[in-house]
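So the structure is just underneath, and the comments pick up after that.
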Amino acid sequence: MKVTVVGAGALGGYFGLRLLEAGNDVNFLVRERRGGQLEEEGLGLISPYGDYKADHLQIYTNADQIKECDLVFLSVKGYHLQGVLPQLKILAAKGAYILPVLNGIEHLSILQEACGEDKVLGGLAFIIATLDDKGHVCHTSSQHDFIIGGLDEKQRAVCDRLAKAAEQANINVAVSATILTELWKKYTFITAFSGITTASRLTIGPIRENEALTNLSIEVLQEMTQLAKAYHVDLTDIMPQAGAEQIKSFPDEATSSMHQDFRKGLPLEVDHLLGGALRLANKRSLKIPHIETIHALLKPYEHGRQERTAIDI
């Protein structure tokens, strides 16, 4: 397959390198700063499933430069989505399918409107990976799992083709006939997990020991379950019980990527995840007060945390 990775962070880097290692034609469409780093350092991977290093990559900063593309692997942060839409439109016009692996739901309709309903697939990832100081991928867990699926039955063939390529590249990919349910399940969980850990500034251990925070996480899971049902996705047999048990099973020091970004003073996906839930709820005249409160607490930090000196009054 001819694949273009848009968002060459840890997730996009892992997926792209594994496909490249297996002999696929892989491009990396990146911003100039990241492109310069890739030109200078190449892109490496350290993983329990085998290390790999590519010193010479096909790097582009403009989609017009890419002649052919079968699939776009889109792994940007939610707050960068609008910025890459013009590039995605160009690639979709050349025949590419768009596989977003963003958390949330709203991005699907945004991409469908920009690129065409028939061009957008559903996808999600379960992997723990980071970039080191040279921009190489450090895969730190046994998970490297992806779930993909068509939002239309006609997309089954391209999903099967991608799954076959991924299998040959030592990537675990499952094709789901109910991809919207899978996306809502993860959205429900990640909203509670990221919202509670970031708003409380705590890891799972202290949250688990605090009855009020534990109950709050269940309330958020229940609100997201109601929201999914309002969009004809019934999670009542799955959530919130399964989500609460999953949170309880994590190690004491486990936390969300949003909380990690908050600690570093980086931008947060507050609008993409929590704001998205509020917009979806508003369209169905549904009240989700606990999510609304967490959104209000985190909204001031969505562009990054700037420390201010407090004074007594």
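For the sequence shown, UniProt numbering gives the first residue as 1, with consecutive numbering after it. The C-beta atom is built at its ideal place from N, Cα and C for all residues, glycine as well. Note that the structure is a prediction, hence the values are computed from the model and not measured.
For residue i, the nearest candidate out of the options (CA to CA)
{"i": "Leu273", "options": "Ile190, Leu74 and Lys229", "result": "Ile190"}
{"i": "Val270", "options": "Tyr301, Gln82 and Gln246", "result": "Tyr301"}
{"i": "Pro240", "options": "Asp152, Ser200, Lys185 and Thr293", "result": "Lys185"}
{"i": "Asn103", "options": "Thr188, Arg284 and Leu298", "result": "Thr188"}
{"i": "Asp55", "options": "Asp70, Cys69, Glu68 and Gln37", "result": "Gln37"}
{"i": "Leu298", "options": "Met224, Thr197 and Leu213", "result": "Thr197"}
{"i": "Arg208", "options": "Ala169, Ala174 and Thr255", "result": "Thr255"}
{"i": "Gly13", "options": "Val76, Ser249 and Asp152", "result": "Val76"}
{"i": "Ile179", "options": "Gly122, Leu11, Ile291 and Lys94", "result": "Gly122"}
{"i": "Phe262", "options": "Ser217, Ile238, Ala199 and Thr293", "result": "Ala199"}
{"i": "Met258", "options": "Phe250, Asp252, Leu268 and Ser249", "result": "Leu268"}
C-beta atoms of residue i and residue j nearer than 7 Å
{"i": "Gly265", "j": "Gly205", "result": "no"}
{"i": "Leu183", "j": "Leu124", "result": "yes"}
{"i": "Tyr49", "j": "Leu29", "result": "no"}
{"i": "Glu41", "j": "Gly135", "result": "yes"}
{"i": "residue 321", "j": "Ile127", "result": "No statement about residue 321 is possible, as the shown extent of the chain runs from 1 to 313 and does not include it."}
{"i": "residue 347", "j": "Leu85", "result": "What the structure shows of the chain is the stretch from 1 to 313, and residue 347 is not part of that stretch, so it cannot be assessed."}
{"i": "Ile66", "j": "Asn27", "result": "yes"}
{"i": "Leu19", "j": "Ala169", "result": "yes"}
Residue i Cβ short of 6 Å to the ligand NAD heavy atom set
{"i": "Gly135", "result": "By its list of ligands, the structure shown contains no ligand whatsoever, and the ligand NAD lies outside what it can speak to."}
DSSP beta-bridge partners of residue i
{"i": "Asn172", "result": "Asp145"}
{"i": "Cys138", "result": "Ile46 and Thr130"}
{"i": "Thr293", "result": "Partner(s): none; Thr293 has no beta bridge."}
{"i": "Lys53", "result": "Gly44"}
{"i": "Val3", "result": "Val26 and Leu71"}
{"i": "Gly122", "result": "Gly149"}
Sequence-distant residues of the same chain with beta carbon closer than 6 Å to residue i, five excluded per side
{"i": "Ile46", "result": "Cys138"}
{"i": "Phe15", "result": "Phe73"}
{"i": "Ile147", "result": "Leu124, Ala174, Ser176 and Glu182"}
Same chain only: Cβ atoms within 7 Å of residue i, ignoring 5 sequence neighbours per side
{"i": "Arg156", "result": "Gly150"}
{"i": "Gln260", "result": "none"}
Residue i - containing beta strand (DSSP E), residue span
{"i": "Val30", "result": "Where Val30 is concerned, there is no enclosing beta strand (DSSP E), given that its DSSP letter is neither H nor E."}
{"i": "Gln58", "result": "Gln58 to Tyr60"}
{"i": "Gln250", "result": "Correcting the residue type first, residue 250 is Phe in the shown sequence and not Gln. First-last for Phe250: undefined, no H or E at that position."}
{"i": "Leu17", "result": "Segment Ala10 to Glu21 is the alpha helix (DSSP H) holding Leu17; no beta strand (DSSP E) there."}
Closer than 7 Å to chain D by CB, residue i
{"i": "Leu57", "result": "No chain D appears in the structure shown, which is made up of a single protein chain."}
For residue i, the first and last residue of its enclosing alpha helix (DSSP H)
{"i": "Ala177", "result": "Element bounds for Ala177: n/a, residue is neither H nor E."}
{"i": "Pro86", "result": "Leu81 to Ala93"}
{"i": "Thr214", "result": "Glu211 to Ala230"}
{"i": "Ala99", "result": "Before going further, note that residue 99 is Leu rather than Ala in the sequence given. Careful: Leu99 lies outside any alpha helix (DSSP H), inside the beta strand (DSSP E) at Tyr97 to Pro100."}
{"i": "Leu235", "result": "It is not in any alpha helix (DSSP H) - Leu235 carries neither H nor E in the DSSP assignment."}
Same chain only: Cβ atoms within 8 Å of residue i, ignoring 5 sequence neighbours per side
{"i": "Ala96", "result": "Thr4, Cys69, Asp70, Leu71, Val72 and Lys119"}
{"i": "Thr140", "result": "Ile128, Ala129 and Thr130"}
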